[in-house]
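In what follows, a structure is listed as structure tokens, so that the remarks can point back to it.
4 protein chains.
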Amino acid sequence: MGSNRLEAFSDGVLAIIITIMVLELEVPEGHEWSDLWDATGLGLLTYLLSFVYIGIYWNNHHHLFQICDEVDGGVLWANLLLLFSLSLYPFTTAWMDESELAQVPVVAYGINLLAAGASFYVLEHMMARLPGQRDKLREAFGRTTKEQLSLLLYTLGILLALFTEPWVGLVPYVLVALMWVVPDRRVERYLARQAE
Amino acid sequence: MGSNRLEAFSDGVLAIIITIMVLELEVPEGHEWSDLWDATGLGLLTYLLSFVYIGIYWNNHHHLFQICDEVDGGVLWANLLLLFSLSLYPFTTAWMDESELAQVPVVAYGINLLAAGASFYVLEHMMARLPGQRDKLREAFGRTTKEQLSLLLYTLGILLALFTEPWVGLVPYVLVALMWVVPDRRVERYLARQAE
Amino acid sequence: MGSNRLEAFSDGVLAIIITIMVLELEVPEGHEWSDLWDATGLGLLTYLLSFVYIGIYWNNHHHLFQICDEVDGGVLWANLLLLFSLSLYPFTTAWMDESELAQVPVVAYGINLLAAGASFYVLEHMMARLPGQRDKLREAFGRTTKEQLSLLLYTLGILLALFTEPWVGLVPYVLVALMWVVPDRRVERYLARQAE
Amino acid sequence: MGSNRLEAFSDGVLAIIITIMVLELEVPEGHEWSDLWDATGLGLLTYLLSFVYIGIYWNNHHHLFQICDEVDGGVLWANLLLLFSLSLYPFTTAWMDESELAQVPVVAYGINLLAAGASFYVLEHMMARLPGQRDKLREAFGRTTKEQLSLLLYTLGILLALFTEPWVGLVPYVLVALMWVVPDRRVERYLARQAE
């Protein structure tokens, strides 16, 4: 089976997730800059963070299916698992905001990030299972050190939130985002080699 | 007429249905794990169940249009009937949650599941009506025992909810989901045979 | 310019409109069938009516762009005008529901229907303006009697709501929907002739 | 990398933004025309304005990717930056409405417009950076006077809102919209030249 419709459906879900988070932002009651800050302050920052994460997943998803385009039933379900994890971002983001970074919500957000990261890992493995795709993926991505480091950093963030101040846990979460925002040249180099 | 746009439109509707259900999850007021459980507990489980159902319909819809890609006016309306039934899932799911599995809402949820199952059945028949597609569909799907069994199980769930405890009705509903999550090899085998 | 992206964007907007209307349905507070009826009764019926209308527009839009696939700036704006009119359906539907069919909301709903009908007419004319497309459209659709009759019936509904009981105005609105639900063979016949 | 999926994802996000704004419109409590005006009056006008803006961005985005269809990591992020700015329109529009055009919300809306305009400018530059695309873009768009004038007018609107009456700031905002609604013949002429 080709991957066109899987990509279209995933685009739809990701587009909605990234957009409905803005509906969680409360419109300020007053009309001054300070009211804007009071009503959204933290919310605007965590909205930005979650927007960047969804953007990263969209980019990585896009790259993955540029290299391989064969899917089977197992890939469809791994993809739905990823979309399910990502669909919880607006919920865990909103809880973390409303609690003003209390411990449990920060840990819950981290678990959500970890679940999405692990789902993406599962999706890559399900894709690599299909004949002929393992080599392509290995050649394009090399080792999956970056993926593994992300999972480690999420875990570190959860532990820091549990055993130090909750906000400290956000530091590794933000680090992961920064690490992926830097454009990933691996895929572009691979596609250039293929074109030659 | 080709089916591209019908597929794109259906993808859009399914993507929205699967995503807006998360908007129904209430953000907990407290900041402890117990608050998360109190606020969402059951909601998270039924969200998962409905997510899986929509995922199954998306998979089946995808498989169906991989085999046949001719549509006519009758197919367009059968497809809209299916989308209408599915669009009610967030509503019936929310009612069942808020009632904490009271009898009537569990029955209403079952009727919604039954209506969607029957609509899919109608859609398959409308597709099979078009010249040349009946044979393809029969060769790919064999007999539609699985579809018929699903309708029977939904009906059983409704009857159990009516005449025993409401939560007992959920057992057959969950069974149907499990039955379809197991990847359906019929379509893959058919496509492999075609490729040879 | 080709029409692919215009179709994809319109599909997205129509998919959202058709789906968010269900968010307007209030979850009943009680757990009996009578509570379901009290909470949604009329809402469920008007949701169905508006769902059918959006389905009709999607079908007609689909047919139109099956025959012609050249667009220019004027077509883009006529299409946005149509999407704007349709995007108000959830709003006017909700107002009509909450008022339990009071006069002004029924008239407002009719004006909304009329605006969408007129926008579609404008869109057809903008498409027919492009070289080579007028003949194709004329051959496929013949005369646009059905479109003109719809506009007349909407106007009749508005007048009936104004000068008799409001609910009487709904009769011509429903008639238009029924008139279009009956599959429109014109396009299929045209495409069959082309294929020969 | 080709731009198909970037376009599909952007279409999805823009379709949602343009549609969820209507959810912000409050359903009137009374059933007279005056209630409609009281509940939405200003809201309907600013909804229309923001709808037109999103429509303009969709048109321009569409034109841009008709001319060039090569993207890289930098373009993906510039596009996400644009989508982020646009995703805040429903929020800033709602604040401006609820404040009945108070000074700070009108300025905040202007900053949002300016941010989106600047992001589009960045996107054009990221596209022009790719080999072979600079010449195509220059030939199609000529000088980017219109883009620069828009940014100037947004800034003027912000300054007018700050130093005169807030509503005066809306005048340049509306001017920009009018300037772009007039169909942009540059791209059509370019595509016609290419076809010859």
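First to last, the protein sequences are chains A, B, C and D.
Mapping to this note's numbering: the first sequence position 160 is 409, numbers consecutive.
Mapping to this note's numbering: the second sequence position 188 is 437, numbers consecutive.
Mapping to this note's numbering: the third sequence position 168 is 417, numbers consecutive.
Mapping to this note's numbering: the fourth sequence position 76 is 325, numbers consecutive.
Just so you know, even glycine gets a beta-carbon here, dropped at the ideal spot from N, CA and C.
- Per the Cβ contact rule, the region 255 to 272 of chain C is in contact with the region 304 to 316 of chain C (3 or more Cβ pairs under 8 Å).
- A straight line joining the alpha-carbon of Gly381(B) with that of Glu373(B) spans about 14 Å.
- When C-alpha distances from Trp307(B) are compared across Trp429(A), Val262(A), Ala444(A), the shortest belongs to Val262(A).
- Here Gly251(A) is bridged, per DSSP, to Glu319(A).
- With distances taken between CA atoms, Ser336(A) lies nearest to Leu274(B) out of His280(B), Arg378(B), Leu274(B).
- In this structure the region 274 to 293 of chain A does not touch the region 409 to 428 of chain A; the number of beta carbon pairs closer than 8 Å is below three.
- Following the DSSP letters along the chain, one finds Glu275(A) in no alpha helix (DSSP H), marked with neither H nor E.
- The DSSP assignment places complete alpha helix (DSSP H) segments of no fewer than 4 residues inside the region 323 to 407 of chain A at 338 to 347, 352 to 377, 382 to 390, in order along the chain.
- Within chain C, the C-beta atoms nearer than 8 Å to that of Leu285(D) come from Trp344, Val353, Ala357, in chain order.
- By the criterion of a C-beta distance shorter than 8 Å, Tyr338(C) is surrounded in its chain by Ile266, Met270, Ser299, Tyr302, Ile303, Asn361, Ala365, once the five residues flanking it on both sides are discounted.
- The continuous alpha helix (DSSP H) containing Val430(A) extends over residues 419 to 430.
- Interface with chain D (8 Å Cβ-Cβ cutoff): Asn308(A) is included.
- Residues of chain B with a Cβ closer than 7 Å to the Cβ of Asp260(C) are, in chain order, Arg254, Ala257, Phe258, Gly261.
- The alpha-carbon separation between Leu330(D) and Ser368(D) amounts to approximately 6 Å.
- Using a 10 angstroms sphere on the CB of Phe333(B), the tally of other CB atoms reaches 16 or more, which defines it as buried.
- With respect to chain B, the C-beta atom of Thr295(C) has no partner C-beta closer than 8 Å.
- Under the Cβ distance rule, Ile267(D) does not count among the residues neighbouring chain A, no pair being separated by less than 8 Å.
- Annotated three-state conformation of Glu437(A) is helix, per DSSP.
- Annotation: Gly323(A) to Arg438(B) spans about 14 Å, alpha carbon to alpha carbon.
- Take Gln352(C), set aside five residues on each side of it, and the residues of its chain with a beta-carbon closer than 8 Å to its own are Ala410, Leu411, Pro415, in chain order.
- DSSP places Glu414(C) outside both helix and strand once states are collapsed to three, so it counts as coil.
- In this structure, the beta-carbon distance from Ser399(B) to Val371(B) does not fall below 8 Å.
- Val355(B) and Asn328(B) have their alpha carbons spaced roughly 25 Å apart.
- Ranking Val431(B), His280(B), Leu272(B) by CA distance to the CA of Met345(A) puts His280(B) first.
- Secondary structure at Glu256(C): helix, using DSSP grouped into helix, strand and coil.
- If you draw a straight line from the Cα of Ile407(D) to the Cα of Pro421(D), it comes to about 9 Å.
- Judged by their CB atoms, Thr404(C) and Leu363(C) are nearer to each other than the 8 Å cut-off.
- Counting only Cβ-Cβ distances below 8 Å, Ser299(C) has no contacts in chain D at all, with the closest Cβ about 13 Å away.
- Interface annotation for the region 325 to 342 of chain B against chain C: Leu325, Trp326, Leu329, Leu332, Phe333, Ser336, Leu337, Pro339, Phe340, criterion Cβ-Cβ distance under 8 Å.
- Around the beta-carbon of Ser283(B), fewer than 16 other beta-carbon atoms lie within 10 Å, marking it exposed.
- Gly251(D) is positioned such that its CB atom lies closer than 8 Å to that of Asp318(D).
- With respect to Val436(C), Ala389(C) sits close: the two C-beta atoms are nearer than 8 Å.
- Counting of Cβ neighbours within 10 angstroms places Leu402(D) among the buried residues, the total reaching 16 or more.
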